[in-house]
Amino acid sequence: MLTTKDLSYDKPTWCPGCGHFAVLNAVQRAVIELGLKKEETVCVSGIGCSSKLPEYLDVYGFHTIHGRSLPHAEGVKLANPGLNVINVGGDGDGFAIGCGHFVHAARRNIDITYVLMNNQVYSLTKGQTSPTSDRGFITKTSPEGAEEAPVNTLLMALTAGATFVGCGFSSDVTGLGSLIAAAVKHKGFSFINVMSPCVTFNKLNTYDYYKKQAYKLEEEPGYDPFSYEKALETAAAYFERKPLGVLFKCETSVFKEVYMSSHPVPPALQDISEPVKHKHFMDQYLRH
3 MLTTKDLSYD
13 KPTWCPGCGH
23 FAVLNAVQRA
33 VIELGLKKEE
43 TVCVSGIGCS
53 SKLPEYLDVY
63 GFHTIHGRSL
73 PHAEGVKLAN
83 PGLNVINVGG
93 DGDGFAIGCG
103 HFVHAARRNI
113 DITYVLMNNQ
123 VYSLTKGQTS
133 PTSDRGFITK
143 TSPEGAEEAP
153 VNTLLMALTA
163 GATFVGCGFS
173 SDVTGLGSLI
183 AAAVKHKGFS
193 FINVMSPCVT
203 FNKLNTYDYY
213 KKQAYKLEEE
223 PGYDPFSYEK
233 ALETAAAYFE
243 RKPLGVLFKC
253 ETSVFKEVYM
263 SSHPVPPALQ
273 DISEPVKHKH
283 FMDQYLRH
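Per the working numbering, the very first residue in the sequence shown carries number 3; after that it's consecutive.
Okay, here's the thing in structure tokens:
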């Protein structure tokens with residue numbers, strides 16, 4: 003049986019106290035809990051502090067370009083549907099330049115898991131406002147405070163069509179590990195918003211800040227994660243109360259199943275050893 007040590011590769015260079023350490027550990031715990039094989043698991047990321055995670059996780063990794071991690075993750079899954087694909091990234095990477103990709107990945111319901119490490123600031127570039135920064139948040143480039151309202155990532159995931167939506171917190175690594183495991187196990191597009199504090203460039207959204215607002219959905223009387231309406235209501239209140247756990251999940255057709263009905267042999271498993279077969283392969287996919 004694998005251990006977190008078996009899944010560790012290289013020493014993380016995050017700042018001491020960064021919430022991302024716990025996310026890395028939670029992903030490792032999820033891989034162990036589900037019994038996933040390292041050679042059948044791929045971690046994809048974009049650019050940012052959070053996107054360094056694949057460098058520290060001993061599975062296959064794909065460190066892509068800014069905001070484009072989801073299209074790459076989708077490509078990996080469609081090329082070889084047998085792989086377990088976990089996409090990780092930050093709020094700047096995923097909800098600024100990558101926002102359009104997020105919406106379409108969710109609506110397609112591709113069977114991948116997206117773990118958003120949300121610290122509400124651009125940290126790799128030394129502290130600028132991100133799409134999820136609170137209005138009024140002061141940085142070197144916004145000395146009078148951020149003027150825009152923050153993106154509600156949970157609401158966006160729900161309205162875009164994600165079939166699994168959850169929210170976690172870096173200080174609860176055990177709960178976060180179980181949440182990520184549930185997301186990976188789910189068939190369809192899974193999204194988890196992780197409150198992962200930046201201790202260097204965000205002195206507003208701290209561990210204490212989140213702890214005061216966090217509550218566990220499993221302790222809410224009668225909460226039903228299969229209720230879309232209740233999930234919307236819960237997500238809409240995110241800026242006042244931070245829910246921990248599964249907000250919503252449902253079972254519906256997965257893009258992989260629709261795609262495979264017309265492409266029974268995925269690209270990664272196609273026999274292209276002979277020129278004639280290679281031409282047939284190219285013709286088959288260029289038609290679509």
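All C-beta atoms in this analysis are idealised placements derived from N, C-alpha and C, irrespective of residue type, glycine included.
Contact between Thr134 and Asn120 holds: their C-beta atoms lie close to 6 Å from each other, under 8 Å. By the criterion of at least three beta-carbon pairs nearer than 8 Å, the region 191 to 211 is in contact with the region 11 to 21.
Partner residues in the beta bridge of His65, as assigned by DSSP, are Ser47. If the five residues before and after Ala28 are omitted, its C-beta is found closer than 6 Å to the C-beta atoms of Val175, Leu178, Gly179, Ile182, all from its own chain and listed in chain order.
The Cβ atoms of Cys252 and Thr165 lie closer than 7 Å to each other. A Cβ-Cβ separation of about 18 Å leaves Gly92 out of contact with Ser144 under the 8 Å criterion. If you draw a 10 Å sphere on the C-beta of Phe97, you find 16 or more other C-beta atoms in it, and that means buried. In the three-state DSSP reduction, Tyr212 falls in the helix class (H, G or I). Taking the CA atoms as reference points, Glu231 sits about 27 Å from Arg137. Taking C-beta atoms as the reference points, Tyr124 and Gly147 fail to come closer than 7 Å. Secondary structure at Ile140: coil, using DSSP grouped into helix, strand and coil. Lys189 and Lys79 have their alpha carbons spaced roughly 12 Å apart. Of the residues assessed, Arg243 falls on the exposed side of the cut-off, its CB having fewer than 16 other CB atoms within 10 angstroms.
Taking the CA atoms as reference points, Gly63 sits about 17 Å from Lys7. Between the alpha carbons of Thr161 and Cys200 lies a gap of roughly 28 Å. In this structure, DSSP gives Ile182 a helical state, which the three-state scheme calls helix.
Taken atom to atom, the span from the alpha-carbon of Lys214 to that of Asn207 is near 11 Å.
By the Cβ neighbour-count rule, Met3 is exposed, with fewer than 16 other Cβ atoms within 10 Å of its own. Secondary structure note for Pro245: its beta strand (DSSP E) is the uninterrupted segment 244 to 251. Excluding sequence positions up to five before and after Ile88, its CB lies within less than 6 Å of the CB of Cys45, Thr115, all in the same chain and listed in chain order. Looking at the DSSP output, Gln130 shares a beta bridge with Tyr124.
Straight-line spacing of the CA atoms in Leu9 and Ala184 works out to 19 Å. It is roughly 7 Å from the alpha-carbon of Ser229 to the alpha-carbon of Phe250. Under a 10 Å Cβ-count criterion, Ile274 is classified as exposed, with fewer than 16 other Cβ atoms of the shown protein chains found around its own Cβ.
Each residue's CA atom was taken as its position, placing Phe203 and Gly50 some 14 Å apart. The beta carbon of Thr5 sits closer than 8 Å to those of Ile34, all from its chain and outside the five residues before and after it, given in chain order.
As a beta-bridge residue in DSSP terms, Tyr217 pairs with Pro245. In this structure, Ala237 sits near Leu157, with a CB-CB distance shorter than 7 Å.
With 16 or more other Cβ atoms inside 10 Å of its own Cβ, Val61 counts as buried. Counting every other CB atom within 10 Å of its CB across the protein chains shown gives Ser172 a total of 16 or more, marking it as buried. Residues His22, Phe23, Cys51 of the same chain have their beta carbon placed closer than 7 Å to that of Trp16, with the five preceding and five following residues left out of the count.
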